[in-house]
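Student: Quick note, in the working numbering, the sequence shown goes up one by one and the last residue is 544.
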Amino acid sequence: MHPRLTHPRVATHPPPRPYAQRPRRQFTPLGMTLTRAFEKLRDAGVIAPLAPRPLPHPIPPHFRSHEHCLYHQTPGHDTERCSALHHAIQDLIDSGVVDLARPSVTTNPLPAHSTHAVPPPPGLQ
């Protein structure tokens, strides 16, 4: 029987650490579709579509060529499911460029601003 030689273990990699869980981003309710919010912000000059990128080559089998994103200006996904646009709009809200609390055409182009007239008081009709 041979004596067993023990070799100290040399750690070549640090022990695995659990990934830090980032809290999910809380999105402010827009009160309209993402497509409509993009159109209003674009028309107000607050956001611009991204420069279109070339399509992937080769086209992956799951590629959604029938869907189009107004923000990316390319097929592949629908504007309503564009996470980049959702984050861009939330960034505008968080930075104060768009304020959902104050109805204003200049600082808050998102809500539909009412255009109805206030009825005259009774007796003046």
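No residue lacks a Cβ here, since even glycine has one placed at the ideal position from N, Cα and C.
Applying the criterion that 16 or more other CB atoms from any shown protein chain within 10 Å of the CB defines a buried residue, is L449 buried or exposed?
Tutor: It is buried - the Cβ of L449 has at least 16 other Cβ atoms within 10 Å.
Student: Can you check which of these residues, D510, A439, H505, is closest to L453 by C-alpha distance?
Tutor: Selected option, being the one with the closest Cα: H505.
Student: Tell me the DSSP secondary structure of S514 in three-state form.
Tutor: Residue state, collapsed to three classes: coil.
Student: Look at the alpha carbon of Q509 and the alpha carbon of T447, and state the distance between them as a whole number of angstroms.
Tutor: Rounded to whole angstroms, Q509 to T447 spans 7 Å at the Cα level.
Student: Do H491 and P473 have their C-beta atoms closer together than 8 Å?
Tutor: No, these two residues do not count as a Cβ contact at 8 Å.
Student: What would DSSP say about T447, mapped onto helix, strand or coil?
Tutor: Coil at T447, not helix or strand.
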